Amino acid sequence: MNFGRMLAGCALAATMSYAPGLQAEELDVTAVAGHPPVFLWVKTLSEAYIPAVNKALEGTDFSISWTEAYGGTLAKVGGEMEAMEDGLAQVGIVSSLFEPSLLSLQNVTYVTPFGSPDVDLVLSTVDGMHEEIPAMRKLWEDLDLEYLGGGFGLEDYLLMTTFPVTGLADLQGRKINAPGPAVNWLKDTGAVGVSGNLTTYYNDIQTGVAEGVIVFPTAAAAAKLHEVAPYVTRVHFGAQFAGGIVAKKSWFDEQDPVVQDALRKGASVFASAYRQGLEVRVAGAFKAMEEGGAKISELSEDERSKWATTLPNVAMDWAKDLDGKGLPGTEVLTTYMGHLKDAGVSLPRDWSAE
645 MNFGRMLAGC ALAATMSYAP GLQAEELDVT AVAGHPPVFL WVKTLSEAYI
695 PAVNKALEGT DFSISWTEAY GGTLAKVGGE MEAMEDGLAQ VGIVSSLFEP
745 SLLSLQNVTY VTPFGSPDVD LVLSTVDGMH EEIPAMRKLW EDLDLEYLGG
795 GFGLEDYLLM TTFPVTGLAD LQGRKINAPG PAVNWLKDTG AVGVSGNLTT
845 YYNDIQTGVA EGVIVFPTAA AAAKLHEVAP YVTRVHFGAQ FAGGIVAKKS
895 WFDEQDPVVQ DALRKGASVF ASAYRQGLEV RVAGAFKAME EGGAKISELS
945 EDERSKWATT LPNVAMDWAK DLDGKGLPGT EVLTTYMGHL KDAGVSLPRD
995 WSAE
């Protein structure tokens, strides 16, 4: 009997030692974002992405101990890549809009203004293009980054100013903040583009460095920009692909396929959670701005078309410049515009037409 109990005990011990998850290897992973969690993409990284990765690892031989570094605690806005390059973080949100040179192809939406206001369409289109056009994924890889997906986008951009705007004539000589490549949306309009980001806009306008800003509603409301730029003009520049969730590639490649799969699955959950209810958040943003004293108006279709046709063909210039550098700029531009037209989007200008 004692011998039998001993055999049973040995069998149980052997079973426990090989049971997945009971002896899980714990990985230390730091997630970085320059913006604070008040912004939806950072909030969703914390509340949807990380729990989804953890859930995907349940019952496996791996778990993750997360350190969340947001809002400048580890990297300033636009400094996430450097933090990952230095090995300070393994996963993060990288905003391609602040990397118009290094992540040029990903900025196709920012050189094609007045496109679709549908965030889901824009994000799914650019996400899919990473598979259609390998050069888009390679740009991330050349930076030692693995694009996991979960592209985050920004809803239909608008204009906020210290003065009323009814048409292009009102912009003459005015200094307008804009993010990176969106400065091009002001070319030949008479306005002066001033590059900036969400952490600088309020102070820039308050101090007179700028007299307005091109921005998206949820960020505008969160940053209370209506306090310094109360005239809100819905120009309908279109929704934009702004970046995605990435991992440090050299680190990612060393991980077990189970961990890699979990990190990718988390990105899919992030994308769904981010897009879900965004319209409600946008409506809430407009309500908050209006209650805060903002004067909200719509730019007429005639003025919108006039704006689109006044601009030089910034998209084609962008595409040909990239072609000359050995990148498929024209292919990316043509593919993107083709997808929008196939989806039935009404465009005041086809940027792929010379």
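Following our numbering, the numbering of the sequence shown begins with 645 at its first residue and continues without gaps. We put the beta carbon where it would ideally sit given N, CA and C, even for glycine. Every value quoted in this text rests on a predicted model; they were computed, and no experiment measured them.
- If you draw a straight line from the Cα of T806 to the Cα of A873, it is about 4 Å long.
- In the displayed model, F706 falls within a strand according to three-state DSSP.
- Leaving aside the five residues that flank P744 on each side, the residues in its chain whose CB is nearer than 7 Å to its CB run, in chain order, N751, G824, P825.
- Between P956 and D762, the beta carbon gap of about 26 Å keeps them out of contact (Cβ cut-off 8 Å).
- One alpha carbon belongs to D672, the other to R919, and they sit about 29 Å apart.
- About 7 Å separates the Cβ atoms of G973 and K964, confirming a contact at the 8 Å cut-off.
- With a cutoff of 8 Å on beta-carbon distance, G678 and A719 are scored as near each other.
- Restricting attention to Y846, H983, N821, the CA atom closest to the CA of G840 is found in N821.
- Contact between V838 and K819 holds, with the beta-carbon distance rounding to 5 Å and staying under 8 Å.
- Ranked by how close their Cα comes to the Cα of A700, the residues A906, M780, A866, A864 have A906 in first place.
- Non-local beta-carbon contacts of E790 in its own chain, meaning distances under 8 Å to residues more than five positions away in sequence, involve W784, V890, A891, K892, K893, F896, D897 in chain order.
- Of all C-beta pairs linking the region 932-949 to the region 764-780, fewer than three are shorter than 8 Å, placing the two stretches out of contact.
- The C-beta of G968 has fewer than 16 other C-beta atoms within 10 Å across all chains shown, which makes the residue exposed.
- Taking all protein chains in view, the Cβ of D946 is surrounded by fewer than 16 other Cβ atoms within 10 Å, so the residue is classified as exposed.
- Contact fails between the region 849-868 and the region 722-738, because fewer than three Cβ pairs, one in each stretch, are under 8 Å apart.
- With a 10 Å radius around the Cβ and a threshold of 16 neighbouring Cβ atoms, V958 comes out buried.
- Apart from the 5 residues on each side of it in sequence, F706 sits with its Cβ closer than 7 Å to the Cβ of A668, E669, L671, D900, V902, V903 in its chain, given in chain order.
- In the displayed model, E975 falls within a helix according to three-state DSSP.
- Under the three-state reduction of DSSP output, R878 falls in the strand class.
- G928 and G970 have their C-alpha atoms roughly 44 Å apart.
- Taking the Cα of K931 as reference, the smallest distance to any Cα among A864, L689, V721 is reached at A864.
- The residues G678, in chain order, have a CB closer than 7 Å to that of G723 in the same chain once the five nearest residues on each side in sequence are set aside.
- Taken in chain order, the complete alpha helix (DSSP H) segments of 4 residues or longer contained in the region 934-971 are 945-954, 958-968.
- P681 places its beta carbon less than 8 Å from that of K687.
- Residue state for Y801 is assigned as coil, using DSSP reduced to three classes.
- Between S740 and G887, the C-beta spacing is below 8 Å.
- Listed in chain order, the alpha helix (DSSP H) runs fully inside the region 719-784 are 724-729, 763-776, counting runs of at least 4 residues.
- Taken atom to atom, the span from the alpha-carbon of L792 to that of M728 is near 15 Å.
- The DSSP assignment places complete beta strand (DSSP E) segments of no fewer than 3 residues inside the region 840-920 at 856-859, 875-878, 884-892, in order along the chain.
- In the structure shown, K819 falls within a strand segment according to DSSP collapsed to helix, strand and coil.
- Remark: C-beta atoms of R925 and H880 do not approach each other more closely than 8 Å.
- Apart from sequence neighbours up to five positions away, the residues of its chain that approach L798 with a beta-carbon distance below 7 Å are F860, A883, Q884, A886, ordered along the chain.
- When the Cα atoms are used, I849 and D800 turn out to be separated by approximately 21 Å.
- Secondary structure note for L671: it is in no alpha helix (DSSP H), and the uninterrupted beta strand (DSSP E) holding it is 669-677.
- For E942, the CB contacts under 7 Å within the same chain, skipping 5 residues up- and downstream, are R878 in chain order.
- In the DSSP annotation of this structure, the continuous segment of the alpha helix (DSSP H) that includes A696 starts and ends at 694-701.
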